[in-house]
Amino acid sequence: MAQDLLLEIGVEEMPSAYMPRVLKDLKDLAQKNLAEARLSCGEVLTWGTPRRLCLWVKEISEEQEDSFLENRGPKKSIAFDANGNPSKAGLGFARSQGVDFRELQIREVGGVEYLFAIKKEKGQAAEQILPGLLLKVIHSLSFPKSMTWSYYQTRFARPIRWLLAILGDKNLEFNIENIKSANYTYGHRFLSTGALPVASIDDYFRILREHYVILDQAERKKMIWQQVQEVAGEAGGKAMDNEELLEEVVFLVEFPTAFYGEFSPSYLDVPPEVLTTSMIEHQRYFPVYNNEGRLLPGFVGVRNGTDYCLDLVRAGNERVLKARLEDALFFWKEDSRKSLEEMSTKLKDVLFHERLGTLADKALRLQKLALFIGQETGLGQPEELQRSALLCKADLMSSMVYEFPELQGIMGRYYAAGSAEELEVAEAIFEHYLPRFAGDKLPSSAGGIVLSLAEKADNLMGFFSIGIKPSGSQDPYALRRQALGLVNIILDKKLSIDLKLVFEQAYLGYKDIDLEKSREVSVKELLDFVYQRMRGVLLDSGISYDVLDAALSRPPFDLFETYNRAFKLQEFKKSPVFEDFMVVYNRVHNLSRKWESEEIDPDVLLDESEKNLYRKLPGLQQEIKTSLKAQDYTRALELLAALRADVDQFFTAVMVMVEDEKLKAARLGILKSIANLFNSMADFSKIV
Amino acid sequence: MNFQELILRLHNFWGQQACIIQQPYDVEKGAGTMNPATFLRALGPEPWKVAYVEPSRRPTDGRYGENPNRLQHYYQYQVILKPSPDNVIDLYLASLRDLGIEPEKHDIRLVEDNWESPTLGAWGLGWEIWLDGMEITQFTYFQQCGGFDCLPVSAEITYGIERIAMYIQNKESVFDIEWVDGISYADVHHQAEVDYSHYNFEAADVGALTSMFNICEEEAIRVAERQLVQPAYDYVLKCSHLFNLLDARGAISVTERTAYIGRVRNLARMVAREYLEQRKRLNYPLLKDENLRKQLIIEEEVL
């Protein structure tokens with residue numbers, strides 16, 4: 020009879036950030052190993068709290084499925100003698116396999132018949148297989164950082180302290196170092212004492228609940244969010260909806276109780292981003308807003324336990340936050356005494372990267388690059404761009420950003436406003452970091468757009484030119500995110516700008532630094548890297564692979580133009596004249612593929628159909644050129660499709676590959692000229 | 020509970036857990052980890068249990084005695100349990116109970132915190148332990164020390180005793196902690212905090228400190244070459260402190276910073292290696308369990 024399996028790995032408090040991934044891996048590994056062990060099962064569920072990882076596999080089959088071993092023997096042709104009796108070779112094979120010759124089977128492999136011995140292996144009881152299988156699953160779990168403890172060799176995220184493993188009502192026995200699997204668990208660290216014997220799987224869930232452990236992370240999450248909203252509501256506010264914070268808190272507690280704490284309204288003088296950062300990043304509290312979206316002088320914390328002595332917990336937390344906010348207020352006042360320009364003088368003492376100069380060098384490069392990009396895009400005022408670039412890194416020298424690095428840019432904007440910088444400059448300083456994460460907003464001011472592009476181009480070029488590129492999951496400088504940001508800004512703002520020129524300019528900025536790679540190599544590698552991000556963006560927006568390949572095969576230095584072109588191509592594929600278009604393309608392209616010259620000697624042309632094409636060419640070339648310039652790709656595509664009748668006529672009337680070399684050259688010249696009109700838009704041979 | 024009593028209770032608690040109650044080490048240092056009773060003893064196969072108070076210096080944290088939460092000189096209460104026992108967290112929680120902090124009345128959390136000391140070539144995984152949102156302890160399982168893998172792994176418990184005292188005594192400022200009846204933390208330390216802040220940030224002679232660093236570095240190397248482990252280590256500690264002073268003084272540029280840290284780390288590695296070799300030459304006198312010794316010898320031969 021099928022039985023349920025329960026495994027609980029009792030651990031010291033796991034890093035909360037590891038948990039979602041570990042629970043997924045635990046489930047996947049269990050399924051994979053069960054399948055490999057030929058054990059069938061029903062639903063597989065995993066749960067976790069800070070102190071336990073739990074695996075529940077429903078309805079595991081009692082035994083492994085039988086397996087069949089197939090061993091190939093000699094060819095049939097040598098396994099029998101001339102009379103059709105088993106040969107020496109045939110009998111020998113049967114003996115070596117331990118089976119009777121008559122039990123051997125004949126099967127065909129690659130057109131040749133062979134003898135096969137099929138041996139059945141009886142499946143073992145699940146009970147015997149599972150201990151080893153669970154051990155393997157546990158040892159296969161991996162973590163961003165793992166450790167050893169005491170004298171042991173086992174690596175895990177934190178020390179393993181108990182193991183519970185039961186199949187139905189039976190114990191599964193195995194051990195990890197000094198820990199033997201058994202049928203007991205532990206409750207909440209502070210609200211339960213000692214080992215708790217577990218008789219069955221149902222018993223397990225009941226026991227945990229009675230001992231203040233909400234095992235199911237989804238249930239905890241719901242409880243926490245409900246409590247947080249209630250508590251905030253009672254205080255007359257709304258708690259910040261922050262999924263990341265909620266997820267973290269879920270894996271910090273086994274039994275949640277939310278509570279409201281307050282701080283002095285005098286701290287509301289500090290910018291709200293500082294207050295929320297302090298609450299969220301340092302203390303894992305939920306900030307609370309009033310109906311107008313302004314911060315209230317309070318927070319919601321979540322305790323790991325019941326409401327017993329909750330006032331004590333609240334008072335303690337209020338004190339801690341007060342000390343933090345007091346610090347923040349001190350930094351805010353201290354920083355506000357200096358102008359942003361004063362702060363920027365210290366940039367020369369801080370390295371941007373040990374091989375890429377100081378932050379002052381960077382600010383200087385950004386000034387030049389921003390001017391260049393401003394000129395190319397026609398965005399921003401030169402003086403403002405220079406000013407923003409000069410000051411955009413200055414807030415890194417403030418006490419506040421030293422303490423709260425995630426506030427870079429945000430503080431810069433406040434300090435710029437406080438130092439009476441132009442509004443546009445303050446905005447550009449903030450926006451030059453955008454987008455900071457997937458789904459973040461893009462810069463919207465002219466200066467912000469230009470400086471953000473400059474910042475990303477400079478970062479990317481710097482690292483690429485010293486050979487630092489993302490590989491696999493390794494991307495310590497978030498270069499993928501920056502390249503993607505670059506693509507998204509250009510497309511979203513519909514900017515027409517030649518990226519190759521921008522990157523070449525960015526490379527020039529590093530001219531005083533000893534770079535590892537040449538300009539050509541760096542620019543090329545970087546462009547390729549950006550195109551890959553571009554491909555992702557286009558695929559996500561519904562462009563098909565073939566259109567993408569066709570469109571990207573022209574050097575897509577101007578991303579927005581490429582994006583447009585790809586879209587128009589995609590649309591055109593649905594047009595009624597698309598078939599005509601492809602016929603024309605295929606006919607002219609196939610023959611002229613290996614021909615280079617567009618030269619046509621009109622005097623040798625004989626047939627009216629070719630004279631006709633020749634006469635139409637200059638007008639067509641002109642019209643297509645004009646359409647492309649206006650980025651009216653649909654018009655250009657339609658013009659080419661409209662050639663169908665003339666081209667069909669041509670191929671019906673004449674042979675291209677004639678012996679008369681001059682005539683052949685002229686005819687190929689006509690075809691090449693038309694083919695090149697296609698090629699100036701995309702490589703249509705990629706279209707399927 | 021006054022400050023003194025708090026320390027005595029911890030001594031008493033960990034003394035009963037068979038820890039040696041050692042005294043602070045007499046060279047300036049940034050943390051209890053740098054005391055040879057931790058840095059050296061965490062290396063090698065010998066078991067070791069120790070607890071001590073360590074005066075710790077962080078020159079950059081000086082605030083002229085004006086900030087209620089920051090000091091350039093404070094105390095850590097340090098416990099090393101090697102190998103880390105299975106019930107180490109329970110032991111720690113029991114020690115809190117001994118200080119009158121009943122875990123069930125509070126919210127005690129173990130929040131991931133990975134400790135690393137680039138100057139010591141040491142790192143470990145563990146937590147910061149929160150009491151109602153306040154970090155009161157660093158808990159670390161040492162993985163490497165002086166660049167060498169730790170086997171067995173030690174558990175290091177570092178209590179921030181001023182913070183715990185502030186909590187227990189309900190004080191808003193560290194200076195208001197009652198040390199003994201009628202004597203506050205300010206009475207004992209305030210003027211020195213002010214003076215050291217002036218010294219660290221303004222008065223320290225950069226030229227002199229730089230020369231001292233170079234001299235101490237040379238001396239550490241010279242002494243280590245003669246296999247005099249702890250005397251060599253003293254000069255590593257001096258280098259580390261001199262580097263911190265230069266840093267507080269604003270005398271170290273970013274480029275130089277990495278180089279200085281590298282120099283101290285090299286010294287720490289050198290001494291760690293000397294220590295490991297010395298203990299082996301001495302035939303690991305603290306390995307008193309004969310079974311363990313035999314097992315270890317087998318393992319070493321295999322390696």
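Read top to bottom, the protein sequences are chains A and B.
First residue of the first sequence? That's 20 in the working numbering, and the numbers climb one at a time after it.
First residue of the second sequence? That's 20 in the working numbering, and the numbers climb one at a time after it.
In this text, a Cβ means the ideal position worked out from N, Cα and C, and glycines have one as well.
On the premise that residue j lies in contact with residue i, defined as a C-beta separation below 8 angstroms, what is that separation, rounded to the nearest angstrom?
{"i": "A/A258", "j": "A/V247", "result": "5 angstroms"}
{"i": "B/Y178", "j": "B/T156", "result": "5 angstroms"}
{"i": "A/G320", "j": "B/H125", "result": "With a Cβ gap of about 12 angstroms, A/G320 and B/H125 do not count as contacting."}
{"i": "A/L234", "j": "A/C60", "result": "Contact flag wrong, Cβ pair sits at about 20 angstroms."}
{"i": "B/Q97", "j": "B/A70", "result": "7 angstroms"}
{"i": "B/Q386", "j": "B/S114", "result": "For residue 386 of chain B there is no data in the structure shown, the boundaries of chain B being 20 and 322."}
{"i": "B/V193", "j": "B/N88", "result": "6 angstroms"}
{"i": "A/T167", "j": "A/R174", "result": "6 angstroms"}
{"i": "A/L152", "j": "A/A56", "result": "6 angstroms"}
Check the Cβ-Cβ distances between residue i and every residue of chain B, and say whether any is below 8 angstroms.
{"i": "A/S161", "result": "no"}
{"i": "A/M166", "result": "yes"}
{"i": "A/N336", "result": "yes"}
{"i": "A/N323", "result": "yes"}
{"i": "A/S169", "result": "yes"}
{"i": "A/E229", "result": "no"}
{"i": "A/A413", "result": "no"}
{"i": "A/E32", "result": "yes"}
{"i": "A/L29", "result": "The question names Leu, but residue 29 of chain A in the sequence shown is Gly. Not closer than 8 angstroms to any Cβ of chain B, the Cβ of A/G29 fails to qualify, so no."}
{"i": "A/S35", "result": "yes"}
{"i": "A/V332", "result": "yes"}
{"i": "A/Y327", "result": "yes"}
{"i": "A/R40", "result": "no"}
{"i": "A/V339", "result": "yes"}
If you measure from the beta carbon of residue i to each beta carbon in chain A, is any gap under 8 angstroms?
{"i": "B/M153", "result": "yes"}
{"i": "B/P171", "result": "yes"}
{"i": "B/Y160", "result": "yes"}
{"i": "B/D117", "result": "no"}
{"i": "B/L25", "result": "no"}
{"i": "B/N133", "result": "yes"}
{"i": "B/W67", "result": "no"}
{"i": "B/N88", "result": "yes"}
{"i": "B/E221", "result": "no"}
{"i": "B/D308", "result": "no"}
{"i": "B/L144", "result": "yes"}
{"i": "B/S114", "result": "no"}
{"i": "B/R268", "result": "no"}
{"i": "B/L129", "result": "yes"}
{"i": "B/S103", "result": "yes"}
{"i": "B/P122", "result": "yes"}
{"i": "B/I108", "result": "yes"}
{"i": "B/D126", "result": "yes"}
For residue i, which three-state DSSP category applies?
{"i": "A/M553", "result": "helix"}
{"i": "A/Q22", "result": "strand"}
{"i": "A/L370", "result": "strand"}
{"i": "B/C357", "result": "Since the first residue shown for chain B is 20 and the last is 322, residue 357 of chain B is missing from the structure and cannot be characterised."}
{"i": "A/F209", "result": "coil"}
{"i": "A/M362", "result": "helix"}
{"i": "B/L306", "result": "coil"}
{"i": "A/F709", "result": "In the structure as shown, chain A begins at 20 and stops at 707. Residue 709 of chain A is therefore absent and cannot be evaluated."}
{"i": "A/T296", "result": "helix"}
{"i": "A/K94", "result": "strand"}
{"i": "A/Y171", "result": "coil"}
{"i": "A/A144", "result": "strand"}
Going by the DSSP bridge assignment, what does residue i pair with across the sheet?
{"i": "B/H92", "result": "B/R76"}
{"i": "A/V128", "result": "A/V131"}
**Prompt:** Which parts of the region 140 to 167 of chain B are runs of the beta strand (DSSP E), unbroken and 3 residues or longer, counting only runs that do not cross its ends?
**Reply:** With a minimum length of 3 residues, the continuous beta strand (DSSP E) runs that stay inside the region 140 to 167 of chain B are 141 to 150 and 153 to 164.
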